[in-house]
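So for the sequence shown, the working numbering puts the first residue at 84; every next one is plus one.
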Amino acid sequence: FMAGRAELTRQAMACTPGVVTEQEQPRRCYTVTPADGLTDAQEFAQALARHTRYCTQHGVVSPYPMASLLPAEAARREDWNGYTHCCTRIPRPRKDLALFTAPAGRYLTLCHAGGFDTVHESYRRLLEEAERRNLQLGEWFLEDVLLDELCVQGYEQYLLQLSILILPPERCPEGRHLV
Numbered sequence: 084f085m086a087g088r089a090e091l092t093r094q095a096m097a098c099t100p101g102v103v104t105e106q107e108q109p110r111r112c113y114t115v116t117p118a119d120g121l122t123d124a125q126e127f128a129q130a131l132a133r134h135t136r137y138c139t140q141h142g143v144v145s146p147y148p149m150a151s152l153l154p155a156e157a158a159r160r161e162d163w164n165g166y167t168h169c170c171t172r173i174p175r176p177r178k179d180l181a182l183f184t185a186p187a188g189r190y191l192t193l194c195h196a197g198g199f200d201t202v203h204e205s206y207r208r209l210l211e212e213a214e215r216r217n218l219q220l221g222e223w224f225l226e227d228v229l230l231d232e233l234c235v236q237g238y239e240q241y242l243l244q245l246s247i248l249i250l251p252p253e254r255c256p257e258g259r260h261l262v
């Protein structure tokens, strides 16, 4: 666990906040719990506690910090309370867990420094960049915490990676512009 966490921290320190990139990502599996309607810090804390409890009850041990799922449609509407799930990346799928699988492929990504209070600015930046590049995007934003309280002091110092699948032209719905 600690060796994996140390390697993740080294990788996170190499990212440049605020820069939009396209990255090939492998298939990634996450265990998920519902987190609908996060409108304040107390609801977020409760959703996080439920997710942590679920992981503990199911023996999930992962070097990865918590992540969140935000539907792309919520980001387009600027519904920053539209998160639907808390999640934790796991090395392989398990039948006894609720799962979200991020498919392998090309992702539009941005590392965000500054914590959760300003993360909406980075979502806007990704959407603007996708539109500028005329990219068709997938349905979900992944918000992975790269550096958390084990590495930095306070939520406002967290380093987050936002990513969304770039759909290949053959998977884009006919006549539907997703950005």
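C-beta atoms are modelled at their ideal positions from N, C-alpha and C, and glycine is treated no differently.
Since the structure is predicted, the reported quantities are computational estimates derived from the model, not experimental observations.
Counting only the same chain and skipping the five closest in sequence on each side, list residues whose C-beta sits under 6 Å from that of residue i.
i: I247; result: L191, L220, G221 and F224
i: Q108; result: Y190
i: Y206; result: A158
Terminal residues of the continuous alpha helix (DSSP H) containing residue i?
i: A132; result: A124 to Q140
i: Y206; result: V202 to R215
i: A155; result: A155 to R159
How would you write the range of the beta strand (DSSP E) that residue i sits in, first residue to last?
i: V102; result: First-last for V102: undefined, no H or E at that position.
i: R189; result: G188 to A196
i: S246; result: L242 to I249
i: P117; result: R111 to P117
i: T171; result: H168 to I173
i: F199; result: Unbroken run through F199: none, as it is neither H nor E.
i: A185; result: L182 to A185
Of the choices the options, whose alpha-carbon is the least far from that of residue i?
i: A155; options: R216, C98 and E211; result: E211
i: T114; options: L243, F199, R216 and G142; result: G142
Is residue i near the ligand FAD, going by C-beta to nearest heavy atom under 8 Å?
i: W223; result: Of ligands this structure carries none, so the ligand FAD is not represented either.
If I'm right that residue i touches residue j with Cβ under 8 Å, what's the distance once you round it to whole angstroms?
i: L152; j: Y166; result: 7 Å
Is it buried or exposed for residue i, if we count other Cβ within 10 angstroms and need 16 for buried?
i: T99; result: exposed
i: V202; result: buried
Could you name the residues of the same chain whose beta carbon sits closer than 8 Å to that of residue i, not counting the 5 residues immediately before and after it, in chain order?
i: R172; result: R111, C112, Y113, S145, Y147, A150 and D227
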